[in-house]
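K.L.:
Structure in structure tokens, see below.
2 protein chains.
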Amino acid sequence: MNKRVSPEQIAEGIRSGNRRFIAKGITLLESLLPADKDNAEKLLELILPYTGNALRLGITGVPGVGKSTFIENFGLHAIEQGRKVAVLAIDPSSARGGGSILGDKTRMVHLATDPAAYIRPTPSGSMSGGVAFATREAIFVCEAAGFDLIIVETVGVGQSDVLVDSMTDCFMALMLPGAGDELQGIKRGIMEMGDIFVVNKADGERMQQARIAKMQIQQGVHLMSPKRTWWAAQTLLCSALEKQGIEEIYTLCMEFYCTASENNALQAKRREQALLWMESYIRNHLITAFFENENVQQHITAITADVQAHRISPMAAGRKMLSIYLTDRA
Amino acid sequence: MNKRVSPEQIAEGIRSGNRRFIAKGITLLESLLPADKDNAEKLLELILPYTGNALRLGITGVPGVGKSTFIENFGLHAIEQGRKVAVLAIDPSSARGGGSILGDKTRMVHLATDPAAYIRPTPSGSMSGGVAFATREAIFVCEAAGFDLIIVETVGVGQSDVLVDSMTDCFMALMLPGAGDELQGIKRGIMEMGDIFVVNKADGERMQQARIAKMQIQQGVHLMSPKRTWWAAQTLLCSALEKQGIEEIYTLCMEFYCTASENNALQAKRREQALLWMESYIRNHLITAFFENENVQQHITAITADVQAHRISPMAAGRKMLSIYLTDRA
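Residue numbers (the working numbering), protein chains in the order written: chain A, 1 to 330; chain B, 1 to 330.
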């Protein structure tokens, strides 16, 4: 495919469901190259009218909870029900580590090869490598391409759950049975955010443990003040491996979607999310404009060295850099 | 105390260890009133030369882990060893909730009334109430006042652990025994960040469970790549209530401090933190200047309504607001 493709051509390709254009579109929206910025915004404006018709489902769960197997079988079931399914990922990697913890492209082989599914592999390497996590934008691309169930998965490290919640309608948390598993990590944030809890690996000898886990989760949920007036978080058992419980969970998701629409809650949440998006757009542009400013770039290395050598306080250094920036702009 | 006190007078009061001036200084640094900004920066510059001599210890732990009791007895032991102890808190409250989850001023009564201790109560209400979390600045105030062990506590929800780690030298995580306690929340982030792990409530019938928890934590730590080349995270047992294990933990903290100094790691970490501080100062000022701009304030309500009514995309709205801002500034 020619590298010089216009935003209009990419938008058209996305609308026709062409996978190469979907990938090309997301790549453009993820690009941090200044030269790509205008085209990226143009593309987004072109596809926005065709977005908003999917159920956006966030799924979180620690490594080992069986997330890939669950998403694969959940996605295949949704496809049987007539849905077109896209899977995106927010991979916070490790604050220190670097590597992806979501695994590679070889997971979910059945779903990946289904014509009604699209799986976006996680960007390889870290954000500093010239690629931003443009998950919100990727959701829009998939919706414009006709996918009507968008799954956004994360491992729930740091703020990634909050991020996922800020761009999805329904938040599902996968949990492990086994009271002894302290690495489970049911944190207050998850208990508060979850709309649907799924205890996975509820099979064979783990069945009893799974039932206990379900009870504990429900108790934990009840300790929290309810997130929504029109929906009480529910906990279901599942064995993704044995394909048990998938149908029930899918039905519950659809119930959530219907209830949310009927209560106007879906629309309200998305309106809130649109404002958050506007704010983050403004923030990012203000900060980018600062650090890309020529005068700033000319002085930042010396100031950084001064701060590290204690010749100037961080605050005074910040003030100095701001005044260099503002003088240049005036 | 007269309300019109100069930054110089406050700095002097802080240096003399006067508690009312310490409180007044922190309040000034937390103020979001534009009128206070210059005085706040002036105060910070005045006290900065007298900072940096304390051990800055971050402590995290879920509600119920016994953090207040631990900090009280740990602090009292440190005072016996000749230290002056200040306790600050980063309270992320709840993303939705609002109320403080760290409890009120009545906790740690013995430590609170000790002349060698200072406990800063958490700001009541939410950040939007005109008070920012100025924990970093509060650390400096306490150091300038002569406190040489600064404890920064948090409940570890969302990013607050990362925040605490970005302003302290040593990171201690309090854990609960009891394999059945899935609300424990040992998440990958904590396992990676912790320098010292303490299994609290290791007493009576819980002793066996505490030993198992200690083993599990050590296993979890070993799964992570080591955070530092010169320090391996250690796990100790403790019963804060029965004052068992406190001395050993204090000794380990001091060992950490010595090793970090000898390896120049303490200085290196603080240099990094100074740069982060400069960056966050710049970010905050760029964003504040935008939202305080008269032209921006004049247009933001209408644009917000347009975004919510889908008359304009969030991105186009952001672009429009930025151009309003930049036109005004030019």
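Here a beta-carbon is modelled for each residue, glycine too, at the ideal position from N, C-alpha and C.
1) Please state the DSSP three-state secondary structure of Glu153 (chain A).
2) When you compare each of B:Ala89, B:Val162, B:Arg270, B:Gly318 to Ile282 (chain A) by their alpha carbons, which one comes out closest?
3) Among the residues of its own chain, which have a CB less than 7 Å from the CB of Pro314 (chain A), if the five just before and after it don't count?
4) Can you pull the chain B neighbours of Arg271 (chain A), defined as C-beta to C-beta under 9 Å?
5) Taking Pro34 (chain B) as the query, report the chain A residues whose CB atoms sit under 8 Å from its CB, ordered along the chain.
6) What residues from the segment 274–286 of chain A come within 7 Å of chain B, judged by C-beta to C-beta, listed N to C?
7) If contact means a Cβ-Cβ distance below 7 Å, which residues of the segment 286–299 of chain B contact chain A?
8) At 4 residues or longer, and completely inside the segment 22–107 of chain A: list those alpha helix (DSSP H) runs for me, N to C.
9) Can you give me, in chain order, the residues of the segment 40–56 of chain B that have a beta carbon less than 7 Å from any beta carbon in chain A?
10) Fully enclosed by the segment 240–286 of chain A, which alpha helix (DSSP H) runs are 4 residues long or longer?
11) Among all the DSSP beta bridges, which residues are the ones paired with Ala173 (chain B)?
12) Ignore the nearest five residues each way along the sequence and tell me which others in Thr135 (chain B)'s own chain have a CB closer than 7 Å to its CB.
13) Quick check on Ala233 (chain B): does DSSP put it in helix, strand or coil?
14) Which of helix, strand or coil does DSSP assign to Ala116 (chain A)?
15) Report the residue from B:Ala173, B:Met172, B:Arg56 whose alpha carbon sits nearest the alpha carbon of Gln267 (chain B).
16) Please decide whether Ala134 (chain B) counts as near chain A, where near means a Cβ-Cβ distance under 9 Å.
17) Using the beta-carbon of each residue, which ones in chain A are nearer than 7 Å to Met207 (chain B)?
18) Check Cys142 (chain A) in the structure and name its three-state DSSP category.
19) What does the alpha-carbon distance come out to for the pair Phe291 (chain A) and Ser160 (chain A)?
20) In chain order, what residues of the segment 313–324 of chain A put their CB closer than 9 Å to some CB of chain B?
21) Once DSSP output is grouped into helix, strand and coil, what is the label at Asn2 (chain A)?
22) Helix, strand or coil: how does DSSP classify Lys227 (chain B) here?
23) From Lys84 (chain A) to Gly75 (chain A), what distance separates their C-alpha atoms?
24) How would you write the range of the alpha helix (DSSP H) that Cys148 (chain B) sits in, first residue to last?
25) Run through chain A and tell me which residues come within less than 7 Å of Thr60 (chain B), C-beta to C-beta.
26) With a cut-off of 8 Å on the beta carbons, I'd call Ala233 (chain A) and Phe197 (chain A) a contact; round off their distance for me.
27) Within the chosen definition, does the segment 218–227 of chain B reach the segment 238–255 of chain B through at least 3 CB pairs nearer than 8 Å?
28) So is Thr304 (chain B) in contact with chain A if we call contact Cβ pairs under 9 Å?
29) Please confirm if the segment 40–51 of chain B is in contact with the segment 7–15 of chain B, defined as three or more CB-CB distances below 8 Å between the two stretches.
30) Can you check which of these residues, B:Phe70, B:Ile22, B:Leu163, is closest to Leu276 (chain B) by C-alpha distance?
31) Indicate the three-state DSSP secondary structure (helix, strand or coil) for Ile324 (chain B) in the structure shown.
32) Decide if Gly13 (chain A) is buried, meaning its Cβ has at least 16 other Cβ atoms within 10 Å, or exposed.
33) Find the nearest neighbour of Leu326 (chain A) within the set B:Ser323, B:Ala289, B:Thr301, judged by alpha-carbon distance.
34) Taking only three categories from DSSP, how would you classify Gly204 (chain A)?
P.N.:
In terms of the structure at hand:
1) Three-state result, Glu153 (chain A): strand.
2) B:Gly318
3) Val307
4) Val307, Gln308, Ala309, His310
5) Residues of chain A passing the Cβ test: none, with the nearest at roughly 15 Å.
6) Ala274, Leu275, Trp277, Met278, Tyr281, Ile282, Arg283, His285, Leu286
7) Leu286, Ile287, Phe290
8) Runs of the alpha helix (DSSP H) spanning 4 or more residues and lying entirely within the segment 22–107 of chain A occur at 37–47, 67–80, in chain order.
9) Glu41, Leu44, Glu45, Leu48
10) 246–262
11) B:Thr60, B:Phe197
12) Leu88, Ile90, Val152, Met167
13) Reduced to three states, the DSSP call for Ala233 (chain B) is coil.
14) coil
15) B:Arg56
16) no
17) Result: empty, since nearest Cβ-Cβ is about 17 Å, beyond 7 Å.
18) helix
19) 25 Å
20) Those would be Ser313, Pro314, Met315, Ala316, Ala317, Gly318, Arg319, Met321, Leu322, in chain order.
21) At Asn2 (chain A), the pLDDT of 47 sits below 50, so the modelled position is not reliable; the number obtained from the coordinates is stated separately. The DSSP-derived three-state label of Asn2 (chain A) is coil.
22) coil
23) 9 Å
24) The question names Cys, but residue 148 (chain B) in the sequence shown is Asp. No alpha helix (DSSP H) contains Asp148 (chain B), which DSSP labels as neither H nor E.
25) The contacting residues do not exist; Thr60 (chain B) stays about 11 Å from chain A at best.
26) 6 Å
27) In short, these stretches do not touch, since the Cβ pair count stays below three.
28) yes
29) yes
30) B:Leu163
31) For Ile324 (chain B), the secondary structure class from DSSP, reduced to helix, strand or coil, is helix.
32) Flag for Gly13 (chain A) reads buried.
33) B:Ala289
34) helix
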